[in-house]
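Engineer: Those protein sequence lines, which keep their order, are chains A and B.
Residues 1 to 114 in the numbering used here are what the first sequence lists, from first letter to last.
Residues 1001 to 1113 in the numbering used here are what the second sequence lists, from first letter to last.
Can you keep this structure in mind? I'll have questions shortly.
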Amino acid sequence: DTEVTQTPKHLVMGMTNKKSLKCEQHMGHRAMYWYKQKAKKPPELMFVYSYEKLSINESVPSRFSPECPNSSLLNLHLHALQPEDSALYLCASSRLPTNTGELFFGEGSRLTVL
Amino acid sequence: AQSVSQHNHHVILSEAASLELGCNYSYGGTVNLFWYVQYPGQHLQLLLKYFSGDPLVKGIKGFEAEFIKSKFSFNLRKPSVQWSDTAEYFCAVSPYGNNRLAFGKGNQVVVIP
């Protein structure tokens, strides 16, 4: 069982909807990540939070808005998405500081945009 | 930034055959190396990892990988595959002291019973 919990597991939304993806970990990790994975493709990094501050934004469109309310929680707010944003969204966490770079992944939230 | 190359994206083999998946990376410094597996419809799982020490590392389910620094490679092997090894395999690299993980394009492995 993964120790990174993501909700919801599946989400269907229209292009005008506002929704959020949630991620939670209780491993004491101080880095949390959002990745996007399209079918048959590798995960692509979207955002990294280090010590609850946004440290990396990989030029992600503003219709995706991350939030890290505390060291255990990570949200991804979605607004005015496009059908091409349909994908599996993966949350991950890791220790900080780190020499190993090992990430622990959640099971993902599968998003469909109609 | 580091980059990762995986070749032979689609691999089809019979049960009991041996499997070897190649992974090459490009980065000038020390790296941490990983292989992740994603079974159909499931999430990413860590298969094995290399940080330092013995370059031959053993992971779960009989997999092993060898780090060859001179070749910038971290190839994955399994002597005898099973049908349940059908999955997508991703090689990933992060610079030492850095949590920015980069993935290769993956190998789709299909094992025929």
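Virtual Cβ for every residue (Gly too), placed ideally from N, Cα, C.
Which class does Ser-59 (chain A) belong to by DSSP, given the choice of helix, strand or coil?
Structural biologist: Three-state result, Ser-59 (chain A): coil.
Engineer: What does DSSP give as the partner residue(s) for Met-13 (chain A) in the beta ladder?
Structural biologist: DSSP output for Met-13 (chain A) lists A:Val-113 as bridge partner(s).
Engineer: Where in the region 25-58 of chain A do unbroken runs of the beta strand (DSSP E), each at least 3 residues long, occur, reported from the N-terminal end onward?
Structural biologist: Those beta strand (DSSP E) runs which fall completely within the region 25-58 of chain A and span 3+ residues are 31-37, 44-50, 53-57.
Engineer: Please state the DSSP three-state secondary structure of Ser-1052 (chain B).
Structural biologist: In this structure, Ser-1052 (chain B) counts as coil in the three-state DSSP scheme.
Engineer: Under the assumption that Phe-1018 (chain B) contacts Ser-1080 (chain B) (Cβ atoms under 8 Å), give the Cβ distance between them as a whole number of angstroms.
Structural biologist: The residue you asked about is not Phe; residue 1018 (chain B) is Ser in the sequence shown. Contact flag correct, Cβ pair sits at about 7 Å.
Engineer: Compute the beta-carbon to beta-carbon distance between Glu-1064 (chain B) and Arg-1077 (chain B), rounded to the nearest angstrom, for a pair I have assumed lies under 8 Å.
Structural biologist: Correct: roughly 5 Å between the Cβ atoms.
Engineer: Taking its Cβ as the centre, do 16 or more other Cβ atoms sit within 10 Å of Pro-1040 (chain B), making it buried, or is it exposed?
Structural biologist: Exposed, since its Cβ has fewer than 16 Cβ neighbours within 10 Å.
Engineer: Between Gly-1022 (chain B) and chain A, is any beta-carbon pair separated by less than 7 Å?
Structural biologist: Cβ-Cβ to chain A under 7 Å: no for Gly-1022 (chain B).
Engineer: Within a Cβ cutoff of 7 Å, which residues of the same chain sit near Gln-82 (chain A), ignoring the five residues on either side of it in sequence?
Structural biologist: So the list reads Met-15, Val-113, once near-sequence residues are dropped.
Engineer: Would you call the region 43-56 of chain A and the region 16-26 of chain A touching, i.e. three or more CB-CB distances under 8 Å?
Structural biologist: No: the two stretches stay apart, fewer than three of their Cβ pairs being nearer than 8 Å.
Engineer: How long is the line joining the alpha carbons of Met-13 (chain A) and Gly-1104 (chain B), rounded to whole angstroms?
Structural biologist: Cα to Cα, Met-13 (chain A) sits roughly 30 Å from Gly-1104 (chain B).
Engineer: Kindly list, in the order they appear in chain A, the residues whose Cβ is closer than 9 Å to that of Phe-1051 (chain B).
Structural biologist: The contacting residues are Asn-99, Thr-100, Gly-101, Glu-102.
Engineer: Are Trp-1035 (chain B) and Leu-1047 (chain B) close, meaning C-beta to C-beta below 7 Å?
Structural biologist: Result yes, Cβ atoms of Trp-1035 (chain B) and Leu-1047 (chain B) sit closer than 7 Å.
Engineer: Three-state secondary structure (DSSP) at Lys-1105 (chain B)?
Structural biologist: If DSSP states are grouped into helix, strand and coil, Lys-1105 (chain B) belongs with coil.
Engineer: Taking only three categories from DSSP, how would you classify Pro-97 (chain A)?
Structural biologist: Three-state result, Pro-97 (chain A): coil.
Engineer: When burial is assigned at 16 or more other CB atoms within 10 Å of the CB, is Val-1111 (chain B) buried or exposed?
Structural biologist: Answer is buried; the Cβ neighbour count reaches 16.
Engineer: Please classify Ala-31 (chain A) as buried or exposed, where buried requires at least 16 other C-beta atoms within 10 Å of its C-beta.
Structural biologist: Buried, because 16 or more other Cβ atoms sit within 10 Å of the Cβ of Ala-31 (chain A).
Engineer: Please list the terminal residues of the continuous beta strand (DSSP E) segment that includes Ser-81 (chain A).
Structural biologist: Before going further, note that residue 81 (chain A) is Leu rather than Ser in the sequence given. Element bounds for Leu-81 (chain A): n/a, residue is neither H nor E.
Engineer: When you compare each of B:His-1010, B:Lys-1061, B:Ile-1068 to Asn-1032 (chain B) by their alpha carbons, which one comes out closest?
Structural biologist: If we check each option's Cα against that of Asn-1032 (chain B), B:Ile-1068 comes out closest.
Engineer: Residues in its own chain within less than 6 Å of Leu-103 (chain A) by CB, not counting five upstream and five downstream?
Structural biologist: Here the set comprises Ala-92, Ser-94.
Engineer: Taking the alpha carbon of Gly-1106 (chain B) as the reference point, which residue from A:Lys-41, A:Ser-109, A:Thr-7, A:His-29 has its own alpha carbon closest?
Structural biologist: Cα-wise, what sits closest to Gly-1106 (chain B) is A:Lys-41.
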